[in-house]
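Below is one structure, written out as structure tokens; comments come after it.
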Amino acid sequence: MIDVCIIGGGAAGMSAALGALENGAQKVMIIEKDKELGGILNQCIHNGFGMHYFKEELTGPGFAEKLQEKLKNYDLDIKLDTMCVKITPDKEVHYINGNEGYQVIKAKSIVLATGCRERTRYQIDIPGKRLAGIVTAGLAQRYLNMDGYLIGKKVFILGSGDIGLIMARRLSLEGAEVLGVAELMPYSNGLKRNIVQCLIDFNIPLYLSHTVVDVKGNGRLEQVTIAQVDEKFQPIPGTEKVFDVDTLLLSVGLIPEIKLLTDQKVQLNPYTKGIKVLDTFETSIPGIFACGNALHVHDLVDYVSLESYDAGKHAAKYSNDNSPVVEVVPKNNVRYVVPNQVKLNNDEEVMFKYRVTKPIDKGTLVIKQGDKVIKEMKKFFLLPSEMETITLSKSVFTDTDNITFEVRIDE
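Here the sequence shown is numbered in the working numbering, starting from 42 and rising by one per residue.
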């Protein structure tokens, strides 16, 4: 019997393992489909990692190595090159690899730390032919940083997510010409620092409220057409711009990788498209926890590690109690809040993470339980691309009414 079985060996999985091992778990197993631990960190060779978690600036592989060094102090079972194919509500884990074949193990608790995947052109309905040269930004990053392949010489990028912005800089440094970045929304979906360091510093234009309306080529991409969109995100005739390129990079959002649990009818959070969790990161299936980008997409890997450590800690201490649970509901101008539920079983502190629906220069965060105001706080320069946090003690929640988060816009 395994105490805590962790699915995924990236930053979330390794941090969850540390949280479990440092809080009483004796037998911990990590199941990782790749040939090494680290997950997406291994291809993120740029710096900017570790400032919050390790208090020093690191590259992605450097961050992963530090987590692995911490794990070396403990006795745990790491299954590499191993695919988890099924999780059951009674906490059976089915996995397969080349050495052991098909195996089934039993765990006291399970942590899902499977990260997220990129949206493709077919999920955003880009019209035009099926051509070589249309790739997601993360795939291009892996080709370049791990395999040494430059995916194109003249590149256009759709979407201003952080991976796309970072790849604009990376491709420029490797000698490719990045002709521009188009963003459907009237604001960027990347961190402010990435806009400055990756676009402005390299004189790469950002076309807000634009999208790709056509791609042309003969086998390989040769031309991309973008157009401005209106308030309903429909292309405006006459605003088309044509770019001669050989590559279109897509940075159009990330989707939590949660099929292992959706197969078991786990409750989902409609706002994040991830899993609905308690403040302990336990899902609607008792004893199964979720953390990291499988739960909701984070800005920084530091936040992933901090959250996942807590998930591992709670998984190690798991006990099924019947304490009352209250719902956490996003309201005006708040897109989502995590956790989605709070269990009123102690006076521990809970860190709530939330995002706004649109840029807000000046506003007031209002947290209520029923009609009672729990907290009001002035907030400035809120952006949908930047996750906000607030920590509250459970002792402030005195009844079982819903907890609501809203941001009022101040004049």
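Ideal placement from N, C-alpha and C gives every residue a C-beta, glycine not left out.
Given residue i as reference, the closest of the options once Cα atoms are compared
i, options, result
"LEU424", "SER229, LEU336, PHE322, LYS147", "SER229"
"THR439", "GLU218, ILE241, LYS409, PHE422", "LYS409"
"TYR163", "VAL293, VAL219, LEU232", "VAL293"
"GLY49", "LYS68, LEU117, ILE72", "ILE72"
"CYS157", "GLU427, GLN275, ILE401, ALA52", "ALA52"
"ILE167", "PHE90, ASP304, ILE236, LEU225", "LEU225"
"SER201", "TYR190, GLY169, GLY193, ASN235", "ASN235"
"GLU106", "CYS125, LEU180, LEU121, LEU82", "LEU82"
"LEU62", "GLU390, VAL126, ASP116, VAL407", "ASP116"
"ASP285", "ASN244, GLU218, PHE243", "GLU218"
"GLN144", "VAL152, HIS135, ILE151, PHE243", "HIS135"
"GLY397", "GLU417, LEU385, GLN382, SER426", "One point to set straight first is that residue 397 is Val, not Gly, in the sequence displayed. It is SER426 whose Cα lies nearest to the Cα of VAL397."
"GLY65", "LYS149, GLY258, GLU272", "LYS149"
"ILE175", "SER434, ARG261, VAL383", "ARG261"
"THR432", "GLU417, VAL254, ARG171, CYS239", "GLU417"
"LYS403", "LYS420, GLU390, VAL237, PHE197", "LYS420"
"THR355", "ASP75, VAL391, VAL338", "The residue you asked about is not Thr; residue 355 is His in the sequence shown. That would be VAL391, whose Cα lies nearest to the Cα of HIS355."
"LYS282", "GLU263, VAL253, LEU309, SER213", "VAL253"
"VAL237", "ASP203, GLU215, VAL256", "ASP203"
"ILE146", "MET70, VAL448, PRO400", "MET70"
"LYS170", "LYS306, LYS399, ASN259, ASP343", "ASN259"
"VAL126", "GLN308, LEU302, LEU214", "LEU302"
"PHE422", "LYS413, THR441, PRO400, THR430", "PRO400"
"LYS76", "ILE415, SER250, MET124", "MET124"
Rounded distance between the beta-carbons of residue j and residue i, thought under 8 Å
i, j, result
"VAL375", "VAL369", "The pair is not a contact, with the Cβ atoms about 10 Å apart (cut-off 8 Å)."
"LYS372", "PHE446", "6 Å"
"ILE119", "LYS132", "Not really, about 19 Å apart at Cβ, beyond 8 Å."
"ILE47", "ILE329", "Incorrect: roughly 11 Å between the Cβ atoms, too far for contact."
"VAL37", "VAL270", "The shown model of the chain, from 42 to 452, leaves out residue 37, and the question about it has no answer."
"GLY60", "ALA352", "7 Å"
Residue i, DSSP secondary structure in three states
i, result
"TYR248", "strand"
"ILE151", "strand"
"ALA459", "Residue 459 falls outside the range modelled here, since the chain spans only 42 to 452, and no answer is possible."
"ALA209", "helix"
"GLY49", "coil"
"PHE284", "strand"
"TYR359", "coil"
"GLU456", "One cannot answer for residue 456 here, as it falls past the ends of the chain, which runs 42 to 452."
"LEU108", "helix"
"GLU389", "coil"
"LYS233", "helix"
"GLU447", "strand"
"ALA173", "strand"
"LYS413", "strand"
"ALA352", "helix"
"ASP166", "coil"
"GLN269", "strand"
"GLY193", "coil"
"GLY142", "strand"
"TYR184", "helix"
"CYS85", "coil"
"HIS238", "Here residue 238 is Gln; the residue named in the question, His, does not match the sequence. The answer is helix: DSSP assigns GLN238 an H, G or I state."
"ILE299", "coil"
"GLY404", "strand"
"PHE330", "strand"
"LEU62", "helix"
"PHE274", "coil"
"LYS120", "strand"
"MET70", "strand"
"GLY101", "helix"
"ILE345", "Here the sequence assigns Val to residue 345, which means Ile is not the residue at that position. In the structure shown, VAL345 sits in a helix (DSSP, three-state: H, G or I)."
"ASP255", "strand"
"ASP203", "helix"
"LYS435", "helix"
Beta-carbon proximity list for residue i, same chain, < 6 Å, skipping 5 on both sides
i, result
"THR177", "GLU159, LEU291"
"SER56", "SER346, SER349, TYR350"
"THR288", "GLY174, ILE192, GLY193, VAL196"
"ASN334", "GLY156, CYS157"
"PRO246", "GLY221"
Close-in-space but distant-in-sequence residues of the same chain around residue i (CB under 8 Å, 5 per side omitted)
i, result
"LEU336", "PRO297, THR313, GLY315, ILE316, VAL318, PHE322, GLU348, VAL379"
"ASN443", "VAL367, GLU368, VAL369, VAL370, GLN410, GLY411"
"PRO102", "GLY79, LEU82, ASN83, CYS85, ILE86"
"ILE450", "ASN374, ILE401, LYS403, GLY404"
Other residues of its chain near residue i: CB distance less than 7 Å, five sequence neighbours each side excluded
i, result
"GLN67", "ASP44"
"TYR184", "TYR190, ILE192"
"ASP340", "LEU232, GLU427, MET428"
"ASN387", "LYS435"
"GLY205", "ALA178, ILE198, VAL222, LEU290, SER292"
"ILE207", "HIS87, ASN235, CYS239"
* At a cut of 8 Å, does the region 125–139 reach the region 313–325 through at least three beta carbon pairs? -> Below 8 Å, too few C-beta pairs join the region 125–139 and the region 313–325 to call them touching: fewer than three.
* Asked: Touch check for the region 342–351 and the region 93–111: three-plus C-beta pairs under 8 Å?
  -> Taking 8 Å as the limit for Cβ pairs, the verdict is that the region 93–111 does touch the region 342–351.
* To do: Report yes or no: do three or more beta-carbon pairs, one from the region 397–411 and one from the region 359–366, lie closer than 8 Å?
  => Not touching, per the Cβ criterion.
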